[in-house]
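Protein chains: 2
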Amino acid sequence: MGAPARHGKKPERYEEILAAAAQCFSQQGFAATSIDSVARFLGSTKGRVYHYFPSKLDLFNAVRDRGMEHSFEAIRPGYEAKAPAVDRLALMAHGQSYAMMQHIAYMQVLLDGLRQRRYGATTEFQRSAMLRHLEQRDAFEARYMEVLRAAAADGALRIGDMRLVSRSFLAAVNVPVFWYVPRADDGPEKFARFSDEITQFAMQGLGVDWTPERMQHMHKLRELVDA
Amino acid sequence: MGAPARHGKKPERYEEILAAAAQCFSQQGFAATSIDSVARFLGSTKGRVYHYFPSKLDLFNAVRDRGMEHSFEAIRPGYEAKAPAVDRLALMAHGQSYAMMQHIAYMQVLLDGLRQRRYGATTEFQRSAMLRHLEQRDAFEARYMEVLRAAAADGALRIGDMRLVSRSFLAAVNVPVFWYVPRADDGPEKFARFSDEITQFAMQGLGVDWTPERMQHMHKLRELVDA
DNA sequence: AAGCAAACATACTACCGGGTATGCTGTCAA
DNA sequence: TTGACAGCATACCCGGTAGTATGTTTGCTT
Chain D
30 MGAPARHGKK PERYEEILAA AAQCFSQQGF AATSIDSVAR FLGSTKGRVY HYFPSKLDLF
90 NAVRDRGMEH SFEAIRPGYE AKAPAVDRLA LMAHGQSYAM MQHIAYMQVL LDGLRQRRYG
150 ATTEFQRSAM LRHLEQRDAF EARYMEVLRA AAADGALRIG DMRLVSRSFL AAVNVPVFWY
210 VPRADDGPEK FARFSDEITQ FAMQGLGVDW TPERMQHMHK LRELVDA
Chain Y
30 MGAPARHGKK PERYEEILAA AAQCFSQQGF AATSIDSVAR FLGSTKGRVY HYFPSKLDLF
90 NAVRDRGMEH SFEAIRPGYE AKAPAVDRLA LMAHGQSYAM MQHIAYMQVL LDGLRQRRYG
150 ATTEFQRSAM LRHLEQRDAF EARYMEVLRA AAADGALRIG DMRLVSRSFL AAVNVPVFWY
210 VPRADDGPEK FARFSDEITQ FAMQGLGVDW TPERMQHMHK LRELVDA
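The following block contains the structure:
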């Protein structure tokens, strides 16, 4: 079942295929992407792909899972930081919008997958994979909700409809998914600049007066967490 | 070529098919939606669909165009209002987020279509339709940019990267696309409540202190424009 | 009532794409 | 050296789908 475990020798191949699939799925969507096109992207044939992944859906799920891992990893520094909830929230937002550009293909697939409503046609096994993913998504949102609630409890911000505001916040943070196209000369500086701007918008959206000083403070906090 | 014009007698059929297609495309995406499934949705067969639309792509484009029309119509009251730019902007945001829920299926298709990158495989005719749509999208964004710039000129808000901020604003306004699922008992009150919340988030994101009084004022302005 | 076209339904074709079965080649252990 | 298996490529099968060709019915005109 678990394809990756058995191929201890050549995990690079696995990664290559995963990356190629992320590219194809993100550009054309699940249905429009053929296994052949993924193989062509790699300069190989179906045989290779099917050697590492049992089916198209498994390949897609692997890409999606990878995207999820990137997401969780992106917000972890902020989530685990010992700091006021508002600052943790900003750090989470910054990390996620940054990761959004860094792993754009995986993230686009991730968002795509969420809008897929599959019913009867899918087998029970496929449904379980879908449910597992939805659970992960909920867990992810729950982390935001948790820190949001804490910030509200601190009196740092006022919130009307919790669910609605948290989703607006998340959407604002995810925004690079829609317009970001990777360039060869893109680097950490550009990502950081964009993430700053996005973080500012999102925090202000919550009603927080997010001054340049607080942004600075957040970046210092990040350095502390990294070390 | 223009299918709708020739069927002056039975435009309801045309609309039925369009609505059914919007449902299917929004739930399953372009590639995964078959003409047969659209027909089944209508309780008919392919013959009916192909009688009104020359091809699947034409049907899709028709749905997308309709979504565009809804979008332009939604922001028109705000765009054309004689009022300070900030208030016009808020009215545009409110109108669009409202329309987002009102015409959810069309809007989801609209957003989907924007992420489709088709290259070589498509014919020249199809490419032209794509380009036309991209132009419309640019024109739409341009209206927001125009009012945003005017508001900034008024000193009502400060903006860093114009393009980035306008896109964050738009994303915040489009947010219902991701989570809104229509219920039978949904009505104007619910839409308005949600739109209020979204508008508040978006305006605050720009750095505007969007008080309840200003929101009230905006609604009064809306009534004036409607009359 | 007769003719004709709109408004479909049905039957069929051609092709594409997921999945599989099979074949080929290098490598490594015994 | 010789299996044996990973790591693919190639060839093939078959279900699903866009598009078409051909009925068939309904309504409207003359």
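Heads up: the protein sequence lines correspond to chains D and Y, in order.
Mapping of the first sequence onto the numbering used here: residues 30 to 256, in sequence order.
Mapping of the second sequence onto the numbering used here: residues 30 to 256, in sequence order.
Even for Gly, the Cβ is constructed at its ideal location relative to N, Cα and C.
Just so it is clear, the structure is predicted and the values come from calculations on it, not from any experiment.
Checklist entry - Can you tell me the Cα-Cα spacing of Y/A150 and D/E252, whole angstroms? => result To locate residue 150 of chain Y, count along the second sequence from 1; it is residue 121. To locate residue 252 of chain D, count along the first sequence from 1; it is residue 223. Interpretation of Y/A150 is limited by its pLDDT of 43, a score under 50 that renders its predicted location unreliable; the figure taken from the coordinates is listed afterwards. Straight-line Cα distance between these residues: approximately 48 Å.
Checklist entry - Which chain D residues are close to Y/E226, counting only those with a beta carbon under 9 Å from its beta carbon? => result To locate residue 226 of chain Y, count along the second sequence from 1; it is residue 197. Simply G189, D190, L193, V194, S197.
Item to check | Residues that D/G58 contacts on chain Y, provided the C-beta gap is smaller than 7 Å | outcome: Numbered from 1 along the first sequence, position 29 holds the residue referred to as residue 58 of chain D. Neighbours of D/G58 on chain Y, chain order: G58, A60.
Item to check | Near-chain D residues of the segment 156 to 186 of chain Y - C-beta to any C-beta below 9 Å | outcome: Those would be none; no residue qualifies.
Checklist entry - Just the Cα atoms here: how many angstroms apart are Y/L118 and Y/S224? => result Locating residue 118 of chain Y in the second sequence gives position 89, where the first residue counts as 1. Locating residue 224 of chain Y in the second sequence gives position 195, where the first residue counts as 1. When rounded, the distance between both Cα atoms is 13 Å.
Checklist entry - Do you know how far the Cα of Y/E164 is from the Cα of D/D190? => result Sequence index remark: in the first sequence, residue 190 of chain D carries index 161 (1-based). Sequence index remark: in the second sequence, residue 164 of chain Y carries index 135 (1-based). If you take the alpha carbons of D/D190 and Y/E164, they lie about 36 Å apart.
Checklist entry - Can you give the Cα-Cα distance for Y/E170 and Y/A48, rounded to whole angstroms? => result Within the second sequence, residue 170 of chain Y is the residue found at index 141, counting from 1. Within the second sequence, residue 48 of chain Y is the residue found at index 19, counting from 1. Y/E170 and Y/A48: Cα-Cα distance of roughly 25 Å.
Item to check | Exposure of D/A180, with buried meaning 16 or more beta-carbon neighbours within 10 Å | outcome: Indexing the first sequence from 1 puts residue 180 of chain D at position 151. Answer is buried; the Cβ neighbour count reaches 16.
Item to check | Proximal chain Y residues relative to D/F89, where beta-carbon distance stays under 7 Å | outcome: Counting from 1 along the first sequence, the entry for residue 89 of chain D is found at position 60. Correct list: empty, because the minimum Cβ distance to chain Y is about 12 Å.
Checklist entry - Hey, which unbroken runs of the alpha helix (DSSP H) at 4 residues or more fall wholly within the segment 31 to 78 of chain Y? => result Within the segment 31 to 78 of chain Y, the complete alpha helix (DSSP H) runs of at least 4 residues are 32 to 35, 40 to 61, 64 to 71.
Checklist entry - Residues of chain D with a CB under 7 Å from the CB of Y/G236: which are they? => result Locating residue 236 of chain Y in the second sequence gives position 207, counting from the first residue. At a beta-carbon threshold of 7 Å, the residues of chain D lying near Y/G236 are Q233, ordered along the chain.
Item to check | Pair within 8 Å by beta-carbon distance, D/H246 and D/D141 | outcome: Position 217 of the first sequence, counted from the start, is the residue given in the question as residue 246 of chain D. Position 112 of the first sequence, counted from the start, is the residue given in the question as residue 141 of chain D. Contact flag unset, no.
Item to check | Nearest neighbour of D/Q155, chosen from D/S84, D/Q57, D/S55, D/T74 [CA to CA] | outcome: The residue labelled residue 155 of chain D in the question sits at position 126 within the first sequence. Checked all of D/S84, D/Q57, D/S55, D/T74; the closest Cα to D/Q155 is D/S84.
Checklist entry - Going along the chain, which residues of its own chain have a beta-carbon closer than 7 Å to the beta-carbon of Y/Q125, five neighbours each way excluded? => result The count along the second sequence starts at 1 and reaches residue 125 of chain Y at position 96. Only S100, A103, I104, V202 meet the Cβ criterion.
Next on the checklist: For a test of the three-state rule: what should DSSP assign to Y/T228, helix, strand or coil?
Outcome noted: Numbered from its first residue, the second sequence carries residue 228 of chain Y at position 199. In the structure shown, Y/T228 sits in a helix (DSSP, three-state: H, G or I).
Checklist entry - Buried or exposed: which applies to D/R187, given that a residue is buried once 16 or more other Cβ atoms fall within 10 Å of its Cβ? => result Your numbering for residue 187 of chain D matches position 158 in the first sequence. By the 10 Å Cβ count, D/R187 comes out exposed.
Item to check | Given D/W208 as reference, the closest of Y/R196, Y/P211, Y/G72, Y/R212 once Cα atoms are compared | outcome: Residue mapping note: residue 208 of chain D aligns to position 179 of the first sequence, counting from 1. Minimum Cα distance to D/W208 is reached at Y/R196.
Checklist entry - In angstroms, rounded to a whole number, what distance separates the CA positions of Y/L88 and D/W239? => result The residue you call residue 88 of chain Y lines up with position 59 of the second sequence. The residue you call residue 239 of chain D lines up with position 210 of the first sequence. Looking at the two C-alpha atoms, the distance is approximately 46 Å.
Checklist entry - When burial is assigned at 16 or more other CB atoms within 10 Å of the CB, is D/S55 buried or exposed? => result Looking up residue 55 of chain D in the first sequence gives position 26. It counts as buried.
Checklist entry - Any C-beta of chain D sitting closer than 8 Å to the C-beta of Y/V254? => result Along the second sequence, read from residue 1 onward, the residue named residue 254 of chain Y stands at position 225. Chain D has no Cβ within less than 8 Å of the Cβ of Y/V254.
Checklist entry - If we ignore side chains and look at the alpha-carbon of each, how far apart do D/A231 and Y/Y135 end up? => result Sequence index remark: in the first sequence, residue 231 of chain D carries index 202 (1-based). Sequence index remark: in the second sequence, residue 135 of chain Y carries index 106 (1-based). Roughly 27 Å separates the two Cα atoms.
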